[in-house]
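Residue numbers (my numbering): 401 to 677. Glycine residues also receive a C-beta, built at the ideal position from the N, C-alpha and C atoms. Below is one structure, written out as structure tokens, with a few remarks after it.
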Ligand SMILES: [Zn+2]
């Protein structure tokens, strides 16, 4: 009886913010990371917005609602806020973003057009960027099938997210995804179920597939040698969407995988448990 009381006392002493597994794994509030914010219990699903964009909200452990917020690489460390609508009331919740240092990488590209494109290519790049940005901003109401994502290919990580990149000595956009070393023709599998929302053959990204996993969680797969899906296809978790290649701006065959939440490109390593602070 004494032991039981002791256990009971310990349970009651648990802090209110005691978190579930998903919260503990995904909460990496740094630029290019993810903030998991406790929204508490609510009668219906709360809605949350960050920088005026809708945010992924799930019911964790059947107990409380949490918001899973993507933080763009450009986020300034310090206090950030989300706007929450819950039980017919509105509130603002604050959270802290800490700093993270990303490494630099120097790459030599033989094709000068891929470093300093001519006006015609710049026009094409702008058009393609606008198309891809529209895809990232889609927000479908479906709940992601799984938040702990599967690796899309079985290969070692070859280039981390967030690298500051210098192509032939000139600084360009930081690395927006995660690279896997895999040989040409390796099948690429959907890390969670989803719908194919965009296909393309782009100047930088080569043959590319966008998959919407639901509520703003969107994957992009680049440099494919072959695309095996059509626009609008529904992929099960593990469904093959294409094969590894080296199309677009790539120095050799590999898979580049982007993960986006509320239109913020974030470190995919967080979702496969391989994040290093
Ligand atoms: Zn890459």
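Please tell me whether, using a cut-off of 8 Å, the distance from the CB of residue 559 to the nearest non-hydrogen atom of ligand 1 is below it.
yes
Please report the straight-line C-alpha distance between residue 564 and residue 651, rounded to a whole angstrom.
17 Å
Can you tell me which of 664, 515, 623 puts its alpha carbon nearest to the alpha carbon of residue 468?
Nearest option by C-alpha distance: 664.
Which value, in whole angstroms, describes the spacing of the CA atoms of residue 413 and residue 590?
Low per-residue confidence applies at residue 413: pLDDT is 40, beneath 50, and the placement is therefore not dependable enough to give any value.
Can you list every residue whose CB sits closer than 5 Å to some heavy atom of ligand 1, going in chain order?
Result (chain order): 579, 656.
Residue 508 versus residue 519 - alpha carbon distance:
Their Cα atoms are separated by approximately 22 Å.
Would you call the CB atoms of residue 630 and residue 611 closer than 9 Å?
no
Nearest-angstrom Cα separation, counted from residue 550 out to residue 648:
Approximately 25 Å, taken between the alpha carbons.
On the CB-based measure, 16 or more other CB atoms within 10 Å of its CB, does residue 656 come out buried or exposed?
buried
Counting Cβ pairs closer than 8 Å, one from the segment 425-437 and one from the segment 493-500, do we hit at least three?
yes
Can you find at least 3 beta carbon pairs, one from the segment 572-585 and one from the segment 524-541, that sit closer than 8 Å?
no
The beta strand (DSSP E) with residue 530 in it runs from where to where?
Segment 519-536 is the alpha helix (DSSP H) holding residue 530; no beta strand (DSSP E) there.
Coarse secondary structure for residue 421, derived from DSSP in three states
helix
Got a sec? Which residues, its chain only, sit under 6 Å from residue 601 by beta carbon, not counting five neighbours each side?
607
Can you list, in chain order, the residues of its chain with a C-beta nearer than 6 Å to that of residue 505? Leave out the 5 residues immediately preceding and following it.
563, 565
So residue 449 packs on residue 455, CB below 8 Å; how close in whole Å?
6 Å
Please report the distance separating the alpha-carbon of residue 416 from that of residue 667.
Here the model assigns residue 416 a pLDDT of 42, short of 50, so the residue's position is not dependable, and the following value carries that caveat. Looking at the two C-alpha atoms, the distance is approximately 28 Å.
Find out if the Cβ-Cβ distance for the pair residue 628, residue 638 is shorter than 9 Å.
Taking a C-beta distance under 9 Å as the contact criterion, residue 628 and residue 638 do not qualify as a contact pair.
Assign residue 446 to buried or exposed, taking buried as 16 or more other Cβ atoms, counted over all protein chains shown, within 10 Å of its Cβ.
Label assigned to residue 446: buried.
Just tell me which of 459, 582, 483, 462 has its CA closest to the CA of residue 654.
582
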